[in-house]
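The opening residue of the sequence shown carries number 1 in the working numbering; numbering runs sequentially from there. To start, the structure itself, in structure tokens.
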Amino acid sequence: MSGPQIQIFGTKKSSATRAAERFFKERGVKVHFVDVSAKPMSKGELTRFVQKFGVNALLDTEGKAYERANLAYLRTTEDSVVAKMLDDPGLLRLPLVRGGKVLSVGEDQEAWGKMLE
Numbered sequence: 001m002s003g004p005q006i007q008i009f010g011t012k013k014s015s016a017t018r019a020a021e022r023f024f025k026e027r028g029v030k031v032h033f034v035d036v037s038a039k040p041m042s043k044g045e046l047t048r049f050v051q052k053f054g055v056n057a058l059l060d061t062e063g064k065a066y067e068r069a070n071l072a073y074l075r076t077t078e079d080s081v082v083a084k085m086l087d088d089p090g091l092l093r094l095p096l097v098r099g100g101k102v103l104s105v106g107e108d109q110e111a112w113g114k115m116l117e
């Protein structure tokens with residue numbers, strides 16, 4: 001039996017991403033880390049998170065990228081916001097973690113624990 005397949009989308013600079021990596025490492029779980037600043041998420045992968053949480057839950061509304069993109073003031077469609085997220089991972093609330101069918105956004109130890117069940 002192999003352990004759960006955990007995929008973490010984040011950046012090395014993100015403290016929440018590092019917390020997710022630490023959470024799984026402390027439990028002996030191997031993670032597949034995707035640095036979204038080096039390799040953007042695929043549209044399909046990001047869409048999976050958008051369908052579960054909604055586009056607003058994935059936006060880091062306190063980040064500099066959000067301010068720069070003027071998203072607080074623009075009227076945009078969900079598709080155009082997703083396109084912006086794919087272009088600028090700084091807009092994402094990190095980490096995005098996928099373990100089997102369980103998805104989580106941001107620092108969410110409860111969801112991470114469910115991924116290990």
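Backbone N, C-alpha and C fix where the C-beta goes; we use that ideal spot for every residue, glycine too.
- Message: Can you tell me where the alpha helix (DSSP H) holding L71 begins and where it ends?
- Response: Where L71 is concerned, there is no enclosing alpha helix (DSSP H), given that its DSSP letter is neither H nor E.
- Item | Bridge-paired residues (DSSP) for Q125 | Look at the range of the chain in this structure, 1 to 117, and you will see that residue 125 is not part of it.
- Query: Would you call the stretch 86-96 and the stretch 40-57 touching, i.e. three or more CB-CB distances under 8 Å?
  - Reply: Short answer: they touch.
- Contact check, P95 vs G28 under 8 Å by CB: the rounded distance? Incorrect: roughly 19 Å between the Cβ atoms, too far for contact.
- Task: Pull up the distance between the alpha-carbon of E117 and that of L91, whole angstroms please.
- Result: One alpha carbon belongs to E117, the other to L91, and they sit about 30 Å apart.
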